[in-house]
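Counted from 1, the sequence shown has number 311 at position 312 by numbering that gives the first Met the number 0; the numbering is strictly sequential. Glycine included, every Cβ here is placed at the ideal spot set by N, Cα and C. Take a look at the structure set out below.
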Amino acid sequence: MKSDGPHSGILRKCPSNREKGGMLSVEDWLKAKEADDGAEGLWRVHDGIYDFTSFVKTHPGGKYWLEVTKGTDITEAFESHHISEKAENMLKKFWVKKATTPRMSTLTFHEDGFYKTLKRKVRKAKPVPFTGSTWESRMLIDGLLVCFLLTNYLGIYNYWWSILSGVFLYMVAVAAHNFFHMKDNLRMYYFNLSLLSFREWRISHSLSHHQYVNTLLDLEISLLEPIFDYLPKKDKNLLVRFLSWAYSPIVFCGVFHYEFFIKKILKLVFRQKTHFHWEEFLAFTVPLLTWLVSNEDPLKVFAAWNVTIVSGSFFFFLIGLTAAHHHPEIYHEGDYIGDDKDFGLFQLAAVRDREEVNGNYFLTMISFGEHALHHMFPTLDHRKLPALNPYLEETCKEFNVDYKLKTYANLVSGMYRQLARNYVNGRVYSKKLKH
Numbered sequence: 000m001k002s003d004g005p006h007s008g009i010l011r012k013c014p015s016n017r018e019k020g021g022m023l024s025v026e027d028w029l030k031a032k033e034a035d036d037g038a039e040g041l042w043r044v045h046d047g048i049y050d051f052t053s054f055v056k057t058h059p060g061g062k063y064w065l066e067v068t069k070g071t072d073i074t075e076a077f078e079s080h081h082i083s084e085k086a087e088n089m090l091k092k093f094w095v096k097k098a099t100t101p102r103m104s105t106l107t108f109h110e111d112g113f114y115k116t117l118k119r120k121v122r123k124a125k126p127v128p129f130t131g132s133t134w135e136s137r138m139l140i141d142g143l144l145v146c147f148l149l150t151n152y153l154g155i156y157n158y159w160w161s162i163l164s165g166v167f168l169y170m171v172a173v174a175a176h177n178f179f180h181m182k183d184n185l186r187m188y189y190f191n192l193s194l195l196s197f198r199e200w201r202i203s204h205s206l207s208h209h210q211y212v213n214t215l216l217d218l219e220i221s222l223l224e225p226i227f228d229y230l231p232k233k234d235k236n237l238l239v240r241f242l243s244w245a246y247s248p249i250v251f252c253g254v255f256h257y258e259f260f261i262k263k264i265l266k267l268v269f270r271q272k273t274h275f276h277w278e279e280f281l282a283f284t285v286p287l288l289t290w291l292v293s294n295e296d297p298l299k300v301f302a303a304w305n306v307t308i309v310s311g312s313f314f315f316f317l318i319g320l321t322a323a324h325h326h327p328e329i330y331h332e333g334d335y336i337g338d339d340k341d342f343g344l345f346q347l348a349a350v351r352d353r354e355e356v357n358g359n360y361f362l363t364m365i366s367f368g369e370h371a372l373h374h375m376f377p378t379l380d381h382r383k384l385p386a387l388n389p390y391l392e393e394t395c396k397e398f399n400v401d402y403k404l405k406t407y408a409n410l411v412s413g414m415y416r417q418l419a420r421n422y423v424n425g426r427v428y429s430k431k432l433k434h
C-alpha cells in the first residue's frame, strides 16, 4: 500500500487542530475534539448523547475526568476506564438523544469482538482487579521519593549524586503515572516534581495517547513534531530521519526545563493559559527544602537541583520513547490497519512489550511495563496487570493474534529506524502480528 503522506486508519477526517497548524497543545486538542466529535456540548458515548452534569460531583472516578471531557466523544475512555458493567448500566439514566453525526473515530467495541471478549474475561478474575491502588505500589513510589530527596541533598556536595537523584526522579515520575490514571490521589502529585504537569498529562497521555495511539489524534505524536517525526511520510525531513540519534540525547536532557520555563510562558503569551495551579510549582519545594536543611549557598543548591532535573529528563524520555510504541513493525498513522478496527486489536497493533520487563513488577512500575494491558485497562494499578496476561493470551489465541514481545535493544534501535521510515506498511496489523 502506498501513500504520499499520512492518512488515517481509524479517523474519518484529519482532526481540526492538525488542519489549522500552529502551536499544538492540550487546549487545542480539546477544542478540536469539541468541534469534531458531534457531542453537542454534552458527552457522547458511542452513538448516544448523555448529560452527566448532575453526576459530575459524585462520579466515583473523580469529577475531573467528566469536567475536562464535556463536549467531546468519550467512548474509548469510557470503555477502557470502566471494567465492570456498573457504569454501562447507569448510562440510560443520563440519556438525552441519539447523535446526529457518525463518530470521528471508527474504532469498534462489538460484544463478540476482541476487546469486549477480553474485558469479560478480566471481569471474572479473582481477586477482582479493579479496586484502586495497591499497598505495594504506594510503598514503592514512597520509597523512590525518599531516595530522590536524599540523593538530591547529597548532590550539593557532588554532582554525581545529582545525576543519581535524576535517575530516582525519573522513576518517581513514571511510577506516579500509575496514579494519575486513577481518581485524584496524593501520589499523582509526585509527577509534578519533574516540572511536568499531571493535569496536562491526563489529557495528552490518558485521554489522547492511550485511546488513539500513534494516530493524528495522539498528542504524544504531534507534540514532538517536528523534532521527532514518527509518522511514515515520504517528505520527512532528512535531518530527522538520519541524525535524530545524534541530537535526541540533547533534546531528552532539556524537556523537563522546556515544559515549565518555555512552554508555559508561550501559553501565557498566546493566552492559552490564564492562571497556574499551585501544584505546578511543587518541584521548586525540593531545592527550597534542600537549602533550608543544608544552609548552603542557595545558588549551589539550585545548580545541583538543575543537574538532577536534566538527568531525570534524559532518563524519563529515553525510557518513555523507546518503551513500547515506535518501531517499523508497529502501526503508525498511514499504515494499513485492516478492516477489523476493534479497539483491542488496534492497541495491540500499536504496542509491543519488552521481554526483559514483563513479569517484573519493579521494572514495570519504573519503565511503563505490561504496556498492552495498561493501554487496554489504564486505570488498573500496575501491580495487578501481570495476573491478566493469561486472559490476554487466551483471547489472542481465540482471535488468531500472535502478539509477541520484543527485546528492549530491538525497541531502542527500532525507535530510530521508525524515525527514518518514510514508507507506509501495507500489511494487516490486526491479525498475526509478527516478531
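Inclusion of Phe255 and Leu344 in the CB contact set at 9 Å is not warranted, their separation being larger than that value. For the pair Ser366 and Arg353, the CB atoms are nearer than the 9 Å cut-off. Under the 10 Å beta carbon count, Thr406 is surrounded by fewer than 16 other beta carbons and is classified as exposed.
The continuous beta strand (DSSP E) containing Val95 extends over residues 94-97. Counting along the chain, Val44 sits inside the beta strand (DSSP E) bounded by residues 42-44. Cβ atoms of Tyr390 and Lys97 stay farther apart than 8 Å, at about 34 Å. Cβ-Cβ distances below 6 Å link Arg17 to Leu215 in the same chain, with the five nearest sequence neighbours on each side left out; the list follows chain order. In the three-state DSSP reduction, Tyr335 falls in the coil class, being neither helix nor strand.
Ranking Leu163, Pro128, Ser15 by CA distance to the CA of Phe315 puts Leu163 first. Secondary structure of Thr273 (DSSP, three-state): coil.
Non-local beta-carbon contacts of Phe259 in its own chain, meaning distances under 6 Å to residues more than five positions away in sequence, involve Leu194 in chain order. When rounded, the separation of the alpha-carbon atoms in Thr105 and Val239 is 31 Å. Uninterrupted beta strand (DSSP E) stretches at least 3 residues long and entirely within the stretch 48-114 occur at 94-97, given in chain order. DSSP, reduced to helix, strand and coil, places Lys123 outside both helices and strands of the structure shown, so it counts as coil. The C-beta distance from Leu218 to Thr68 rounds to 14 Å, too long to meet the 8 Å contact threshold.
With fewer than 16 other CB atoms across the displayed protein chains lying within 10 angstroms of its CB, Ser83 is exposed.
The DSSP-derived three-state label of Leu288 is helix. Excluding sequence positions up to five before and after Glu135, its CB lies within less than 6 Å of the CB of Arg382, all in the same chain and listed in chain order. Between the stretch 240-250 and the stretch 259-268 there are fewer than three C-beta pairs closer than 8 Å, too few to call the two in contact. With a threshold of 16 other beta carbon atoms within 10 Å, Arg270 falls short and is exposed. Residue state for Lys403 is assigned as coil, using DSSP reduced to three classes.
Assignment of beta-bridge partners to Arg137 by DSSP yields no partner. Collapsing the DSSP output to three states places Arg353 in a strand. Secondary structure of Leu10 (DSSP, three-state): strand.
Secondary structure of Asp341 (DSSP, three-state): strand.
With contacts defined by Cβ atoms closer than 9 Å, Asp72 and Ala34 do not form a contacting pair.
Just so you know, the alpha carbons of Cys13 and Arg43 end up roughly 19 Å apart.
In terms of Cβ geometry, Ala322 and Leu242 do not form a close pair [threshold 9 Å].
Beyond the five residues adjoining it in sequence on each side, Val55 comes within less than 8 Å, by CB distance, of Lys62, Leu65, Glu66 in the same chain, given in chain order. Boundaries of the alpha helix (DSSP H) harbouring Thr321: 297-321, taken from the DSSP string.
With 16 or more neighbouring CB atoms inside 10 Å of its own CB, Glu78 falls in the buried class. Lys182 has its alpha-carbon roughly 10 Å from the corresponding atom of Ser132. Segment contact: the stretch 147-154 against the stretch 164-173, three or more CB-CB distances shorter than 8 Å; contact assigned. Non-local beta-carbon contacts of Leu143 in its own chain, meaning distances under 8 Å to residues more than five positions away in sequence, involve Phe167, Met170, Val171, Ala174, Ile365 in chain order. Per DSSP, the unbroken alpha helix (DSSP H) holding Thr363 starts and ends at 360-365.
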